[in-house]
Every structure is written in C-alpha cells, then in structure tokens.
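Working notes, structure below.
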Amino acid sequence: MTAAEDTAGRQAPAYLGIDRENHPAVVAGRRSREFVESRDKQAWIDNFAADATVEDPVGPSMFDPDGVGFRGHDQIAEFWDKSIGTTENIDFRFDEEIICGNEVAYIGSIVTHIAGHVSEARGVFTYRADADGKLSALRAFWEVEKTINSVRKA
1 MTAAEDTAGR
11 QAPAYLGIDR
21 ENHPAVVAGR
31 RSREFVESRD
41 KQAWIDNFAA
51 DATVEDPVGP
61 SMFDPDGVGF
71 RGHDQIAEFW
81 DKSIGTTENI
91 DFRFDEEIIC
101 GNEVAYIGSI
111 VTHIAGHVSE
121 ARGVFTYRAD
131 ADGKLSALRA
141 FWEVEKTINS
151 VRKA
C-alpha cells in the first residue's frame with residue numbers, strides 16, 4: 001500500500017499522500033528560487049506561464065505603486081529589473097511548507113543583499129503552478145516598512 005492508496009487499495013484523494021518533492025508548485029517554486037540565486041533572468045522569466053502574475057509584495061510598494069502586480073513575461077521582466085536585478089544576492093530561508101491544490105505556501109524570510117546592506121522580509125510566499133508545471137502566480141506577503149526597518153550593514 002502506498003501513501004496515495006487507502007487500505008482497500010483504492011486511489012486516495014489528491015489531498016492525501018502529497019508527493020512533497022515532486023509537487024508541480026514545489027518544483028516550479030524551487031526552479032524560481034534557483035534561477036534567482038544563479039542570477040539567470042531569462043530562465044526565471046521562462047519558468048512563468050505567458051499570462052502569469054507576480055505580486056511581490058502584494059499591494060502597493062516601491063516596485064508597484066498601484067499594487068496591481070506584474071502580468072505576462074514583459075512585465076515580469078520589468079519586475080526583475082526593479083527588484084531582483086538591483087540586488088547582489090538573495091537568500092531564501094523558509095521554515096514551513098504548506099501544499100494545497102496546485103499551490104504551495106512557504107513561511108519564512110527572504111534575505112536581500114544590496115549595496116553592502118542586508119534586509120530581511122519575513123512573510124508568506126506562495127507559488128501556483130499551471131497544468132504545464134509553469135508558475136501561474138507568485139505572491140509574496142511581506143510588510144515593506146518592517147523590511148525597511150530591518151536594513152543593516154552587511
């Protein structure tokens with residue numbers, strides 16, 4: 001009997017026996033973080049579906065004053081240039097993983113190194129995968145003011 005089967009050998013519902021290593025949102029999210037860490041902008045953009053959205057952070061911010069997010073590859077590339085591209089390094093420090101449906105949420109921190117300084121954005125970070133295993137949404141729930149207040153010399 002596998003984790004995806006019940007005691008009678010029937011296929012268990014998708015919400016039981018989740019393959020945490022190979023879940024599509026986990027895989028797409030992992031790729032996203034690897035491309036950020038390796039500074040591979042084009043691979044990062046290609047990891048998204050054509051109509052995907054990025055909201056990082058959700059709501060108005062210095063990257064997105066209107067708080068509407070970035071939709072499609074061209075706008076996602078613009079997001080990279082405004083945020084990821086201005087950094088020296090980004091570390092993902094996730095404490096907890098929660099998988100639901102075609103999404104995964106991580107609780108933890110993103111530590112950003114820029115111009116000899118370090119900041120920490122503590123929050124909830126979600127990745128949604130589409131049927132092709134591409135990211136259809138990346139959403140980051142972190143507070144700008146708290147992150148600004150965390151800035152310190154590296």
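full-length UniProt numbering numbers the first residue of the sequence shown as 1 and each following residue consecutively. Even for Gly, the Cβ is constructed at its ideal location relative to N, Cα and C. Since the structure is predicted, the reported quantities are computational estimates derived from the model, not experimental observations.
Contact set for residue i: own chain, Cβ-Cβ below 8 Å, skip 5 residues either direction
| i | result |
| --- | --- |
| G116 | K153 and A154 |
| A77 | K41 and I45 |
| S61 | G67 and V144 |
| R33 | F92 |
Other residues of its chain near residue i: CB distance less than 7 Å, five sequence neighbours each side excluded
| i | result |
| --- | --- |
| W142 | P57, A121, R122 and G123 |
Backbone secondary structure at residue i - three-state DSSP
| i | result |
| --- | --- |
| V26 | helix |
| I148 | helix |
| T87 | coil |
| T2 | Here T2 scores only 47 on pLDDT, less than 50, and its place in the model should not be relied on; the value that follows carries that caveat. Here T2 sits in coil by DSSP. |
| S119 | strand |
| K134 | coil |
| E143 | coil |
| I18 | coil |
Member of the options whose CA lies at the smallest distance from the CA of residue i
| i | options | result |
| --- | --- | --- |
| P13 | A131, Y106 and G101 | G101 |
| A140 | G17, T53 and Q11 | T53 |
| D132 | R30, A25, H73 and D66 | A25 |
| A28 | E55, E103 and E145 | E103 |
| I110 | Y127, T126, R128 and D91 | D91 |
| V144 | D51, L16 and D64 | D64 |
| L16 | I99, D81 and D51 | I99 |
| K82 | E55, D95, R93 and Q11 | E55 |
| F94 | T86, F125 and Q75 | F125 |
Residue i to residue j span [Cα, whole Å]
| i | j | result |
| --- | --- | --- |
| I148 | G108 | 17 Å |
| I84 | E21 | 26 Å |
| E37 | N89 | 7 Å |
| T2 | I18 | Because the pLDDT of T2 is 47, which lies under 50, any placement of that residue in the model is unreliable, and the number read from its coordinates should be weighed accordingly. Distance between the alpha carbons of T2 and I18: 11 Å. |
| F48 | S136 | 6 Å |
| A43 | F35 | 6 Å |
| E97 | K134 | 19 Å |
| A105 | D66 | 24 Å |
| Y127 | H113 | 23 Å |
| D51 | R71 | 6 Å |
| G69 | F79 | 9 Å |
| G59 | Q11 | 40 Å |
| T86 | D130 | 29 Å |
Contacting residues, own chain, Cβ-Cβ under 6 Å from residue i (five flanking each side not counted)
| i | result |
| --- | --- |
| S150 | S119 and E120 |
| H73 | I45 |
Heavy atom of the ligand COA within 7 Å of residue i beta-carbon
| i | result |
| --- | --- |
| A12 | As for the ligand COA, it is missing from this structure, which has no ligand bound. |
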